[in-house]
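Peer 1: One structure is given below, represented as structure tokens, and several questions about it will come after.
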Amino acid sequence: MNKKIRNRGVSAVIGTVLMIALVILIIGVVWVSINSLIGEQIEGSEACFGNFGKVELDKRYTCHNSSSNEFQFSISVGDIVVDSMLVSVSSESGTKSFEISNTAMNNVRMYSQATYGGVVTVPGENSGFTYVTNITGIGIGTPDSVSVAPIINENQCSVSDTVLEINIC
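One rule links them: number in the numbering used here = place in the sequence shown (from 1) + 1246.
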């Protein structure tokens, strides 16, 4: 009878150890899953961290030419490297966004280019460019604001600058 009690006690200890091991295993699996998800989010936010205000619109060169129906805007980049930029132009009829990313564009051109359809270049570190867009081509009316959001390491950052008053060229 004494031997039976001792065997029951050993079984309870083994059962408790197995339960603790199972709980530790489950916690480990959950931790690895959550850690990888959070790690990806942190990497995305680190690309944009500390870069607010380093991509700016120059109000002096941002204007609308009603006779040619073109909208001109100038973007300056500070001491960061930008992959591309998301530009949003708003009007009474709506908002249109487009990405400037060192590719040919039909309705956006560099100020130095005479025609649309050429390669539109992203400014490098500590530089800037002026762009012209065909308002009819992007499908909006007279622009009343423009904003820019940099894309760094394939992560779209928050809006870095906005011009709320568009002058006439």
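Backbone N, C-alpha and C define an ideal beta-carbon position, used for all residues, glycine too.
So who's on the other strand from ALA1350, going by DSSP bridges?
Peer 2: DSSP lists VAL1365 as partners of ALA1350.
Peer 1: Pick helix, strand or coil for ILE1381, following the three-state DSSP scheme.
Peer 2: Correct three-state label for ILE1381: helix.
Peer 1: What does the Cβ neighbour count give for TYR1377, buried or exposed, with the cut at 16 atoms within 10 Å?
Peer 2: So TYR1377 counts as buried.
Peer 1: Mapping DSSP to helix, strand and coil, what is THR1262?
Peer 2: Helix.
Peer 1: Going by alpha carbons, who is nearest to ASN1353 out of SER1339, ASP1390, ILE1381 and SER1404?
Peer 2: Among SER1339, ASP1390, ILE1381 and SER1404, the Cα nearest to that of ASN1353 is on ILE1381.
Peer 1: List the endpoints of the continuous beta strand (DSSP E) containing SER1339.
Peer 2: Per DSSP, SER1339 belongs to no beta strand (DSSP E) and is neither H nor E.
Peer 1: Answer with buried or exposed for ASN1348, where buried requires no fewer than 16 other C-beta atoms within 10 angstroms of its C-beta.
Peer 2: The residue is exposed, with fewer than 16 neighbouring Cβ atoms inside 10 Å.
Peer 1: Take ASN1413 as the anchor and find which of ILE1266, ASP1304, PHE1298 and ASN1281 has the nearest alpha-carbon.
Peer 2: Of the listed residues, the one whose Cα sits closest to ASN1413 is ASP1304.
Peer 1: With DSSP run on the structure shown, which of helix, strand or coil describes CYS1415?
Peer 2: Coil.
Peer 1: Cα separation between LEU1410 and VAL1392?
Peer 2: When rounded, the distance between both Cα atoms is 7 Å.
Peer 1: I need the DSSP call for CYS1294, collapsed to helix, strand or coil.
Peer 2: Three-state result, CYS1294: helix.
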